[in-house]
Amino acid sequence: MMMEFTTWDILRNLLLAARWTVLLSLVSFVGGSLVGLAILFMRIGKNVWLKRFAQGYIELFQGTPLLMQLFLAFFGLGLVGVDVPAWLAAALALTLWTAAFLAEIWRGCVEAIVRGQWEASSSLAMGYVQQMRYVILPQALKIAVPPTVGFSVQVVKGTALTSIIGFVELSKAGTMVTNATFQPFIVYGFVALIYFALCWPLSKSSQILERKLNVAHRNH
Amino acid sequence: MSLIEITEVRKSFGTNEVLKGINIDVDPGEVIAIIGKSGSGKSTLLRCINGLETIDSGSIAVAGAQLLPDELHLRALRLKIGMIFQSFNLFPHLTAGKNVMLSQMVVKKVPTADAEATARKMLDRVGLAHKFDAYPEELSGGQQQRVAIARALAMQPMALLCDEITSALDPELVNEVLAVVKELAAEGMTLLMVTHEMRFARDVCTRVVFMHQGRVHEIGAPQDVFGDPKTPELKQFLGLQAA
Numbered sequence: 035m036m037m038e039f040t041t042w043d044i045l046r047n048l049l050l051a052a053r054w055t056v057l058l059s060l061v062s063f064v065g066g067s068l069v070g071l072a073i074l075f076m077r078i079g080k081n082v083w084l085k086r087f088a089q090g091y092i093e094l095f096q097g098t099p100l101l102m103q104l105f106l107a108f109f110g111l112g113l114v115g116v117d118v119p120a121w122l123a124a125a126l127a128l129t130l131w132t133a134a135f136l137a138e139i140w141r142g143c144v145e146a147i148v149r150g151q152w153e154a155s156s157s158l159a160m161g162y163v164q165q166m167r168y169v170i171l172p173q174a175l176k177i178a179v180p181p182t183v184g185f186s187v188q189v190v191k192g193t194a195l196t197s198i199i200g201f202v203e204l205s206k207a208g209t210m211v212t213n214a215t216f217q218p219f220i221v222y223g224f225v226a227l228i229y230f231a232l233c234w235p236l237s238k239s240s241q242i243l244e245r246k247l248n249v250a251h252r253n254h
Numbered sequence: 079m080s081l082i083e084i085t086e087v088r089k090s091f092g093t094n095e096v097l098k099g100i101n102i103d104v105d106p107g108e109v110i111a112i113i114g115k116s117g118s119g120k121s122t123l124l125r126c127i128n129g130l131e132t133i134d135s136g137s138i139a140v141a142g143a144q145l146l147p148d149e150l151h152l153r154a155l156r157l158k159i160g161m162i163f164q165s166f167n168l169f170p171h172l173t174a175g176k177n178v179m180l181s182q183m184v185v186k187k188v189p190t191a192d193a194e195a196t197a198r199k200m201l202d203r204v205g206l207a208h209k210f211d212a213y214p215e216e217l218s219g220g221q222q223q224r225v226a227i228a229r230a231l232a233m234q235p236m237a238l239l240c241d242e243i244t245s246a247l248d249p250e251l252v253n254e255v256l257a258v259v260k261e262l263a264a265e266g267m268t269l270l271m272v273t274h275e276m277r278f279a280r281d282v283c284t285r286v287v288f289m290h291q292g293r294v295h296e297i298g299a300p301q302d303v304f305g306d307p308k309t310p311e312l313k314q315f316l317g318l319q320a321a
């Protein structure tokens with residue numbers, strides 16, 4: 035017996051799956067921010083070994099495809115006897131991947147703060163942690179907002195890869211719905227539109243924030 | 079006893095030795111101008127005194143305590159000596175008042191109300207009481223530099239280091255900053271300033287140090303250094319003799 039699918043059936047199923055895309059994006063972004071912050075402080079800190087570790091971490095995750103990282107998290111951990119469900123492998127790999135990029139973006143922001151700010155706060159007898167907390171980070175944060183929001187778009191799109199290890203989010207749902215309906219153009223058209231609806235507001239707000247914070251010509 | 083004792087200080091950047099054995103003792107209340115061509119090591123010397131640069135050999139002591147390059151000693155030293163920079167270096171994300179309050183609160187743990195009272199007093203002292211809530215970008219260069227002075231004063235230092243503090247200012251703004259410095263000098267603050275303002279050095283300073291190629295080339299009272307320069311280098315620097 036042949037099932038008939040209405041357009042609404044297709045869209046409804048895709049929207050239901052899109053919730054997982056949103057959730058995975060949020061988890062990866064929040065988790066990635068926390069791990070990224072830790073990597074950032076290792077990277078810009080004074081301890082040589084932590085610095086090297088952070089540098090190696092960033093290079094490793096930036097220098098390999100996200101897909102490989104997903105495979106390694108999913109199959110690799112399985113090989114050593116840890117049974118990892120697809121959602122966990124997806125969240126783990128995306129979190130670590132996001133952390134590497136955010137740490138590097140933020141490092142640039144911290145290093146963009148002119149040396150005079152360090153010197154002035156040093157001459158006022160502030161210690162490293164105080165300088166960071168009260169002088170450097172508040173300024174770096176302002177610069178960091180637009181690129182960070184911009185990068186969140188990459189995270190959302192990155193979640194599409196997790197369909198390959200079997201996590202049912204928007205892209206995977208698209209494939210499944212296509213297999214049932216044999217209407218790939220309509221289905222993937224909707225998939226693309228939904229991704230766009232998620233990403234475009236992020237890109238746009240990144241642009242608006244950039245103008246609003248007017249960072250380009252500040253402090254100089 | 080001298081407040082600042084600089085003894086045989088040497089400093090190199092790579093193979094370039096910029097300080098070649100500096101000896102200067104500064105008494106409390108002295109106002110010392112350090113003059114010399116760019117590259118003569120005068121800014122480096124100033125930066126060594128509060129530990130922004132580490133010295134290779136020799137010693138610097140402030141109020142009897144040796145300058146050691148670890149964080150604890152450096153911070154203790156910097157509580158005694160304030161520094162003012164050519165580029166003001168105000169914290170751009172904080173108002174003038176908060177700029178003056180910050181280090182009192184986080185370094186000395188002064189309660190907010192007291193820190194604010196001190197900040198208002200110091201801003202008043204540099205003639206900017208009405209700019210308490212203004213952000214640095216809303217202030218002129220001269221005003222920013224006066225806030226920077228207030229910020230350093232709020233830590234109640236025993237001495238102030240001034241590194242070409244008027245060099246980044248438009249000519250018409252130089253005097254308002256120098257007037258503040260002059261007042262500090264009159265009140266007995268110990269000042270070490272690298273400056274190109276020769277008239278100011280002559281009028282206000284107790285001693286003038288002429289640095290040349292990493293050494294103290296001449297040192298003495300302003301009337302001697304300016305009125306009767308001994309070396310051809312100083313004569314040339316002062317424009318008294320053709321090159």
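Those protein sequences? They're chains S and C, same order as listed. Note that the working numbering has the first sequence beginning at 35, numbered continuously upward. Note that the working numbering has the second sequence beginning at 79, numbered continuously upward. Using N, Cα and C, we set each Cβ at its ideal position, and we do this for glycine too.
In the DSSP output, which residue or residues are listed as bridge partners for residue i?
i, result
"L270 (chain C)", "C:I110 and C:L239"
"A143 (chain C)", "C:V140"
"H290 (chain C)", "C:R293"
"F91 (chain C)", "C:N94"
"S135 (chain C)", "C:R88"
"D202 (chain C)", "BP columns for D202 (chain C) are empty, so no partner."
"R285 (chain C)", "C:I110"
"V185 (chain C)", "For V185 (chain C), which the question treats as bridged, DSSP gives no partner whatsoever."
For residue i, which residues in the same chain have their Cβ closer than 7 Å to its Cβ, ignoring the five residues on either side in sequence?
i, result
"I283 (chain S)", "Examination of residue 283 (chain S) is not possible in this model, given that chain S is present from 35 through 254 alone."
"A141 (chain C)", "L81, K158 and M236"
"V187 (chain S)", "C233, L236 and S237"
"M35 (chain S)", "Note that M35 (chain S) has pLDDT 48, beneath the 50 cutoff, so the model's placement of it is unreliable and the number below is only indicative. Once the five neighbours on either side are set aside, M35 (chain S) has no close Cβ partner at all."
"L195 (chain S)", "L100, L101 and L104"
Under 7 Å, Cβ to Cβ, is there at least one residue of chain S near residue i?
i, result
"M161 (chain C)", "yes"
"R153 (chain C)", "yes"
"H171 (chain C)", "yes"
"V96 (chain C)", "no"
"R323 (chain C)", "What is shown of chain C runs 79 to 321, which leaves residue 323 (chain C) out entirely."
"L150 (chain C)", "no"
"L256 (chain C)", "no"
"S181 (chain C)", "yes"
"S165 (chain C)", "yes"
"L130 (chain C)", "yes"
Any C-beta of chain C sitting closer than 7 Å to the C-beta of residue i?
i, result
"A154 (chain S)", "yes"
"A174 (chain S)", "no"
"V169 (chain S)", "yes"
"L84 (chain S)", "no"
"M102 (chain S)", "no"
"M160 (chain S)", "yes"
"G90 (chain S)", "no"
"G150 (chain S)", "yes"
"Q164 (chain S)", "yes"
Below 7 Å between beta carbons: does that hold for residue i and residue j?
i, j, result
"K98 (chain C)", "G292 (chain C)", "yes"
"I227 (chain C)", "V252 (chain C)", "no"
"R285 (chain C)", "I110 (chain C)", "yes"
"V287 (chain C)", "A263 (chain C)", "no"
"S240 (chain S)", "V189 (chain S)", "no"
"A133 (chain S)", "I78 (chain S)", "no"
"E275 (chain C)", "H295 (chain C)", "no"
"P180 (chain S)", "L243 (chain S)", "yes"
"I199 (chain S)", "A123 (chain S)", "yes"
"D241 (chain C)", "L124 (chain C)", "yes"
"Q164 (chain S)", "V184 (chain C)", "yes"
"I162 (chain C)", "V272 (chain C)", "no"
On the premise that residue j lies in contact with residue i, defined as a C-beta separation below 8 Å, what is that separation, rounded to the nearest angstrom?
i, j, result
"A120 (chain S)", "F201 (chain S)", "4 Å"
"T244 (chain C)", "V255 (chain C)", "5 Å"
"V225 (chain S)", "L45 (chain S)", "Contact doesn't hold; Cβ gap of about 10 Å is too wide."
"K33 (chain S)", "S197 (chain S)", "Past the edges of chain S, shown from 35 to 254, lies residue 33 (chain S), and the structure says nothing about it."
"M200 (chain C)", "L231 (chain C)", "5 Å"
"L145 (chain C)", "G160 (chain C)", "L145 (chain C) to G160 (chain C), Cβ: 15 Å. No contact."
Grab me the residues of residue i's own chain with a C-beta within less than 6 Å of its C-beta, minus the 5 sequence neighbours each way, in chain order.
i, result
"Y229 (chain S)", "none"
"P55 (chain S)", "Checking the displayed sequence, the identity of residue 55 (chain S) turns out to be Thr instead of Pro. Cβ within range, chain order: T193, E203 and L204."
"P218 (chain S)", "T212"
"L270 (chain C)", "I110 and L239"
"K209 (chain C)", "A174"
"V87 (chain C)", "L97, I100, I133 and G136"
"A139 (chain C)", "E83"
Among the residues of its own chain, which have a CB less than 8 Å from the CB of residue i, if the five just before and after it don't count?
i, result
"F169 (chain C)", "K176, N177, L180 and P214"
"G219 (chain C)", "F166, A246, L247, D248 and L251"
"E194 (chain C)", "G175 and M179"
"T129 (chain S)", "V61, S62, G65, G66 and V69"
"R198 (chain C)", "G175, A207 and F210"
Could you name the residues of chain A that residue i contacts, counting a contact when the two beta carbons are closer than 9 Å?
i, result
"V185 (chain C)", "Note that chain A does not occur in the displayed structure, where the protein chains are S and C."
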